[in-house]
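Protein chains in written order, with the numbering used here: chain A, 2 to 108; chain B, 606 to 1135; chain C, 39 to 243.
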Amino acid sequence: MAEICGAEVDEEGFLVDLSDWNKEIAVEMAKGDDIELSEEHWDVINFLRDYFEEYQIAPAVRVLTKAIGKQFGKEKGNSKYLYSLFPYGPGKQGCRFAGLPKPTGCI
Amino acid sequence: MADDFEVPKLPTYLEIPKMNEGVMAGDGPFKSVEEFQTPLGFPGAKVDNWQEVAINKMGELKSKYRSVQVFLDACVKCGACTDKCHYFLGSSDPKNMPVARQDLFRSVYRRHFTFAGKYFPKLVGAKELDDAMLDDWYNYFHQCSQCRRCSVFCPYGIDTAEISMAAREVLDAVGIGQKYCNQILGKAITIGNNLGLPEPALRDTLLDLEEEIEEETGVAVKYPLDQKGAEILLITPSADFFAEPHIDGLIGYGKVFHQDGVSWTMSSYASEGANFGMFIGSYDIMRKAALRIRKAALDLEVSRVMVGECGHAWRVAYSFWNTLSGVGAGADISDEHAMKLQNQLDSRYPQPQHIIEYTHDLIQRNKLKFDKSANDDRTVTFHDSCNVARATNMGGIPNGQFILPREVIKAVCNNYVDMERSTIMESTFCCGGGGGLLTDDLMEIRIKGAMPRMQALKEVEKTDAVDTLVAICAICKSQFSKVLPKFDFDPYMIVSAHQLVSEAIIMDKPQTDDSEAEMPIEETITETVE
Amino acid sequence: MRMAREVVLFESLFKSNKWTWLFGWLFHVGLLLVLIRHARYFWPGDLPEIFLLVQPFKYAAFAMVIGLIGLMGRRIAVERIRYISAPSDYLMLILMLVIGISGAVMTFTSNHTDVIMVKQFASGLLTFDWANLPTEVHFLVHIFMVFVLMAIFPISKLLHVPGVFFSPTRNQVDDARKKRHISPWALRQEKEQEVRLNETLGKDE
Ligand code: SF4
Ligand code: SF4
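And the structure:
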């Protein structure tokens, strides 16, 4: 199995043990995808982590966009904005950086 | 994720490709691990005596399912099906020709279960189940979306989907499972939905939705959860809560219920329409998932069970719920729970009922009002989802599963065209992501398999400027939103049928019974509330 | 009805591939007529009138042979079909071809076989009475191949003949919402597991 900063990740690059997460891991994962984490990225990552803490699951795309829009300004509350931050999708790429499990289903 | 393949070009006419042996050879999708295997009762890793286990399992399936045996015996290798699978058309790998796919299974069957194969294996193409064969099984039976298109064209109606299910069942029995399906099934039978949305998250998501609709329309459309005594229990794919564009369909359902004034609810215990048990061929697991719905229906004391927009959910609901869990009619006296349920269900309605049947019925009875011009900016076409088209019916009339959705769409928008006849209705091409293939590790086959559908779509885009594709299946919607951009389409062109309904429906504003809903009054009300 | 159209007209095949349909249908209809004509060898005494209707169709043999050659040609020429063919698929076609041609030769060339003698022989067979066999080569080839064909019938793909009638995707009724279809093994399993299910059903609250 592959490792990032000493933490085990699965074949899709998600953390095996979610409690391994720390900021360096997120930065490192982003580097692997040619992304440098900006303030805006962190806003999303932090929201994802808070939401997960509360509900044990990643938020629905609609919930995420709405919440981001509310907190950081209307112009950011849409999926285009989120995709500009996370080209592979806020759900999949964002969750990976944030150390959440991959949301799977008919999505 | 594999990016190192070429996205097929869209030809002007769909041609039968020249064979390219081995283009799709590989290890198949990610394999399941112990953590996901054990809860389903499968061995955690490939068992030592796997050959023996596999052959025994094949024998069991042969005697259990008449279909499997007939399909294995009846094929005459006429070749009629060879150019019917979208995965062959898109990938040109000969093992993706339906009959060749079956032959992976059939050759082993012949070797072990037929006279000719036991004594003259070479002559009839019988083969031993060795490691290479097992790998081929895993790889190529996960390149079949179980769409049944091939069966429509086979003179014997041989259904490769069923062979795929059998093969996956054998694979699971020897401990080789697919990660995507089995992980999801684990969540579905413990938490209640494929995504693993626990009740609080679900409740929160629905509240959010109510807020949004009220902001937009000024109407308090409700999304009740676990409401005992409601009339209708809606079972919808959990993607409807979570993903885009699905959620707009959910908004549509809510508005229709609201306009009809019926009481309805969803269940946090059975919050999933999709049933992946079918994909892996497991009757037991399929039943387990279906029984959650029976329990929810009993607990919530509903009198109708309704299914949202989901392809194979409708197949399972329509064809198997009655058998699996008694949602239907004609239960045996000895079956206590099913009897109880069927006494509780209202026999004036079909049980289960599809949301399209429901909306269609309301439209027929003039219960809904639409402003069709709301969809005038769209030119719409409809993608028949494979499981709905080839394994179910709607409305109880022949071909109702093709007619009803189209009538609903035409009732809410003015510009509608169909795609080329040989690519719709019973001959519809699969979206490319069904049958448990909707996972990133299978992106290559998903994109290639989408080619035939994309080609037909390109045609109507050229001739009729179609810019909206409607589907009534959660998998189709997700798959399309991923593959559309690869073929130079707008990923947002895929929508739910009920999204169009939602956009055109005219909602009665609150206080309508006062007077004919005068806008000023209504505005003052909202103002005072604020 | 669906079944009848399928068996008589090969409807699905027509939808899928016109050439295969053409040859396949020619062959099967030819074969059917030929078989009916053969009935005269087995029918004790004179034939009922109805059979006379098909007697003029002696050219059916040609339809059958043409159909077979067409099918053979496809199997060799179309790469997709070549890919899925096992040796037995070719052998079967060759077998049928030999039977067809040798039969046609008997009917249409000058060396006619003595039909009356055949009839005696064939009727004799039915009563396990090995009468004198005509000795023309064509006939011997013909009858021998037919025996081979009959011998392998139950273990070969010729089983598709009864198979089509059993095909679930063609003979099932669409009434799942009104009637419960449960197979015996599933019912048994349900009974056995009932207790367990009751437990789980109650517990999840
Ligand atoms: S069921 Fe569909 S995906 Fe599977 S072989 Fe047949 S046509 Fe292809
Ligand atoms: S169409 Fe049917 S009989 Fe013909 S090769 Fe395909 S599976 Fe076999």
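Think of the CB as a built atom: it goes at the ideal place given N, C-alpha and C, for glycine as much as any other residue.
At a cut-off of 8 Å between C-beta atoms, B:P805 counts as an interface residue with respect to chain A. Taken in chain order, the complete alpha helix (DSSP H) segments of 4 or more residues contained in the stretch 622-680 of chain B are 639-642, 655-669 and 671-679. Going by DSSP, B:A901 is part of the alpha helix (DSSP H) stretching over Y888 to L905.
Residues L694 and S697 of the same chain have their beta carbon placed closer than 7 Å to that of B:P622, with the five preceding and five following residues left out of the count. In the DSSP annotation of this structure, the continuous segment of the beta strand (DSSP E) that includes B:I1099 starts and ends at I1099 to S1101. If you compare the alpha carbons of C:I132, C:V72 and C:A77 with that of C:G108, the shortest gap goes to C:I132.
Within the stretch 823-889 of chain B, the runs of beta strand (DSSP E) that reach at least 3 residues and sit entirely inside it are, in chain order, 837-840. The Cβ atoms of B:K893 and B:Y874 lie no closer than 8 Å to each other. By the neighbour-count criterion, in which 16 or more other beta carbons inside 10 Å mark a residue as buried, B:I898 falls on the buried side. For B:R909, the uninterrupted beta strand (DSSP E) segment begins and ends at R909 to V912.
Those residues of the stretch 18-36 of chain A placed with their C-beta closer than 8 Å to a C-beta in chain B do not exist.
Between ligand 1 and the CB of A:K24, the shortest heavy atom gap is not smaller than 7 Å.
Assignment of B:H959 by DSSP, reduced to helix, strand and coil, places it in the strand class. Per DSSP, the unbroken alpha helix (DSSP H) holding B:T1068 starts and ends at M1048 to D1069. Residues of chain A whose Cβ lies closer than 9 Å to the Cβ of B:L739 do not exist, since the nearest Cβ in that chain is about 20 Å away.
Assigned with DSSP and collapsed to three states, B:F746 falls in coil, not helix or strand. For C:L178, there is no enclosing beta strand (DSSP E); the residue is found in the alpha helix (DSSP H) stretching over V175 to I190.
Membership of B:I938 in any beta strand (DSSP E) is not indicated, and neither H nor E is assigned to it by DSSP. Sixteen is the threshold: since fewer than 16 other Cβ atoms of the shown chains lie within 10 Å of the Cβ of B:R671, the residue is exposed. Take the alpha-carbon of C:M102 and the one of C:A42: they are about 22 Å apart. In the structure shown, the three-state DSSP call for A:A59 is coil. In terms of side-chain proximity, the C-beta atom of C:F177 is found no nearer than 7 Å to any non-hydrogen atom of ligand 2. Distances from the CA of A:E12 to each of B:D1045, B:R970 and B:G762 were compared; the closest alpha carbon is that of B:D1045. A buried status is given to B:T964, since no fewer than 16 other beta-carbon atoms sit within 10 Å of its beta-carbon.
Rounded to whole angstroms, the gap between the alpha carbons of C:L64 and B:R716 is 33 Å. Taking all protein chains shown into account, B:K1053 has 16 or more neighbouring C-beta atoms within 10 Å of its C-beta and is therefore buried.
For C:K53, the closest Cβ of chain B is nearer than 8 Å. Residues of chain B whose Cβ lies closer than 7 Å to the Cβ of A:V64 are, in chain order, T810 and D813. Looking at the DSSP output, B:Q783 sits in a beta bridge with B:K636.
Against chain B, the CB of C:F100 has no partner CB under 8 Å away; the residue lies outside that interface. Looking at the DSSP output, B:Y1021 bridges to B:V985. Looking at the DSSP output, A:E9 bridges to A:E4. The beta-carbon of B:D1069 is placed no less than 8 Å from the nearest beta-carbon of chain A. For B:A1076, the secondary structure class from DSSP, reduced to helix, strand or coil, is strand. Assigned with DSSP and collapsed to three states, B:L694 falls in helix. Listed in chain order, the positions of the stretch 1064-1093 of chain B with a beta carbon within less than 7 Å of a beta carbon of chain A are A1079, I1080 and S1083.
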